[in-house]
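A.B. asks: In the working numbering, the protein residues as written are 93 to 153.
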């Protein structure tokens, strides 16, 4: 599992292909302005079904 944080001004490379080549089974991107999840939500992992992450905590970092 890879969790990648991006800044508001990120213009760099997307590492998706590199992660796939390395066998990464799940890939989360945290981008502060392009929220696909919203504050107040809880989301789970596909490969770690008991893992729950509160979106409020993610966006505080």
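Glycine residues also receive a C-beta, built at the ideal position from the N, C-alpha and C atoms.
Kindly indicate the opening and closing residues of the alpha helix (DSSP H) around residue 109.
C.D. replies: Here residue 109 refers to the residue found at position 17 when the chain shown is read from its first residue. Looking at the DSSP string, the run of the alpha helix (DSSP H) that includes residue 109 is 108-113.
A.B. asks: Could you compute how far the alpha carbon of residue 144 sits from the alpha carbon of residue 138?
C.D. replies: Within the chain shown, numbered from 1, the residue matching residue 144 stands at position 52. Within the chain shown, numbered from 1, the residue matching residue 138 stands at position 46. Looking at the two C-alpha atoms, the distance is approximately 10 angstroms.
A.B. asks: Look up residue 118 in the DSSP assignment and say whether it is helix, strand or coil.
C.D. replies: Numbered from its first residue, the chain shown carries residue 118 at position 26. DSSP places residue 118 in coil when its eight states are reduced to three.
A.B. asks: Starting from residue 145, follow the beta strand (DSSP E) in both directions and report where the run begins and ends.
C.D. replies: Within the chain shown, numbered from 1, the residue matching residue 145 stands at position 53. Segment 144-146, the beta strand (DSSP E) holding residue 145.
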